[in-house]
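In mature numbering (1 follows the signal peptide of the UniProt record, and there is no 0), the protein residues as written are -27 to -1, 1 to 406.
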């Protein structure tokens, strides 16, 4: 484990959130009492729009001895840096920690920082989850360190009003067919993007970061080989060819020139028309509008260029340093149960990783997304999908190698695909080595 902890320490040293070491290292939980009915305060750290907060009040009503103290960080990257910093420091993890798929591989290398949920009955519920999701939360020694929450099937978020104004199909079934339906390709995506730009004079998409990651997650092997240890980037012609196509699309003006991940106010202003949307992205898009908005123009189509793929999904782990492991595990497993996964989906969009949870949301529609049948669409988009193996630096590569390069491309600093790829490989070797 020492090598893995040095890896985490090195990752922490490279990010600004090292300041968390000074501000976030209080002992997990509080010493209100034991786990046998005495008053217990449980801390939980989540990120983004996971929707688990939809369930806190109910749990505390059903368990009046428990108080939940919740911290929600901005996104998966912030949660990763927070967890890495506290693991490196040896203190400060919450009783319950949300872990994102992209950095689960690193956490698995220091899995002794988390309890084995088999000791708290998760094996009795094993068949509740999709097989591959349950396996993802299991380390090399067979310890289950994460209870699965959601998976990340993907579809296309688009502005139906902007499509209509540009003379493109706007009804969601017609939109899916226009992109190629089950045979949708990335080349067709770029063709439609060029058509939209020519007819509207506006950018087609927000940032290349998002559909680059959609593409990477569609491959049988992404940034790592299936062994989860061997890098799979340099010399990978499939990744490079798509990367170069994206740079060409940027040069053609299909992107809005916006850095980073945020949907941003530009979404409201109609400055771009599409967003690749894993299920958890629905809540992020919706979060930029007033609660109850139903006239945003956004819709959701059952299509993804290149075919179905999983992107993302979270787990709940219980820290070994928790003073209330039994109560924390009880809460974590309850939050990951089908009924609570369904409630999270209804609030924010993360699609359940349990079979029963998926059945519970099958008829769900989204008023924000023009009454799109999101339960039905995500069921179709997730059919037969198994998540890609993620290596220990997967999230780091996504955020700190390709992210900054695509931001430079978006802002016109780099306009040649070969040059951009060389810059990315240089950065890869600097960060990962």
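Quick reminder that beta carbons are idealized off the backbone N, C-alpha and C, glycines included.
Work out the CA separation of residue j and residue i for me, nearest whole Å.
i           : j           : result
residue 184 : residue 13  : 44 Å
residue 346 : residue 277 : 16 Å
residue 107 : residue 118 : 10 Å
residue 70  : residue 53  : 10 Å
residue 379 : residue 181 : 7 Å
residue 316 : residue 24  : 8 Å
residue 30  : residue 310 : 16 Å
residue 137 : residue 176 : 15 Å
residue 160 : residue 375 : 21 Å
residue 372 : residue 286 : 16 Å
residue 279 : residue 74  : 21 Å
residue 237 : residue 260 : 10 Å
residue 398 : residue 41  : 44 Å
residue 121 : residue 110 : 7 Å
residue 55  : residue 16  : 14 Å
residue 388 : residue 220 : 7 Å
residue 294 : residue 338 : 41 Å
residue 214 : residue 250 : 23 Å
residue 275 : residue 149 : 6 Å
residue 405 : residue 33  : 43 Å
residue 101 : residue 334 : 15 Å
residue 188 : residue 157 : 13 Å
residue 2   : residue 91  : With a pLDDT of 47 at residue 2, under the threshold of 50, the modelled position of this residue cannot be trusted; read the value that follows with caution. So the two alpha carbons sit approximately 21 Å from each other.
residue 203 : residue 402 : 14 Å
residue 244 : residue 355 : 30 Å
residue 246 : residue 43  : 35 Å
residue 262 : residue 200 : 42 Å
residue 217 : residue 63  : 42 Å
residue 164 : residue 151 : 11 Å
residue 323 : residue 384 : 31 Å
residue 212 : residue 350 : 28 Å
By DSSP's criteria, residue i is part of a beta bridge. Which residues make up the other side?
i           : result
residue 45  : 19
residue 13  : 39
residue 132 : 271
residue 113 : In the DSSP output, where bridge partners are listed per residue, residue 113 has none listed.
residue 80  : Per DSSP, none; premise fails for residue 80.
residue 92  : Answer is none; residue 92 lacks a bridge partner.
residue 290 : 70
residue 123 : 325
residue 188 : In DSSP, residue 188 forms no bridge with anything.
residue 204 : 197
residue 102 : 327
residue 283 : 126
Going by other Cβ atoms of all chains shown within 10 Å of its Cβ, with 16 needed for buried, is residue i buried or exposed?
i           : result
residue 392 : exposed
residue 170 : buried
residue 340 : exposed
residue 147 : exposed
residue 386 : exposed
residue 81  : buried
residue 344 : exposed
residue 128 : buried
residue 369 : buried
residue 49  : buried
residue 314 : buried
residue 191 : buried
residue 139 : buried
residue 267 : exposed
residue 225 : exposed
residue 264 : exposed
Round the Cβ separation of residue i and residue j to the nearest angstrom and send it over; I've been treating them as touching at under 8 Å.
i           : j           : result
residue 306 : residue 98  : 7 Å
residue 167 : residue 227 : 7 Å
residue 38  : residue 11  : 6 Å
residue 281 : residue 103 : Rounded, the Cβ-Cβ distance is 14 Å, inconsistent with contact.
residue 132 : residue 273 : Rounded, the Cβ-Cβ distance is 11 Å, inconsistent with contact.
residue 302 : residue 105 : That belief does not hold up - the Cβ atoms of residue 302 and residue 105 are roughly 22 Å apart, past 8 Å.
residue 19  : residue 45  : 5 Å
residue 395 : residue 78  : Contact flag wrong, Cβ pair sits at about 27 Å.
Just to confirm the assignment: which complete beta strand (DSSP E) runs, minimum length 3, are found wholly within the stretch 304 to 361? none
Completely contained alpha helix (DSSP H) runs for the stretch 370 to 403, where each covers 4 or more residues: 376 to 383
Unbroken stretches of the beta strand (DSSP E), 3 residues or longer, contained in the stretch 213 to 264: 247 to 251
Just list the alpha helix (DSSP H) runs in the stretch 140 to 186, keeping only unbroken ones of 4 residues or longer that don't cross its boundaries, in chain order. 145 to 151 and 159 to 173
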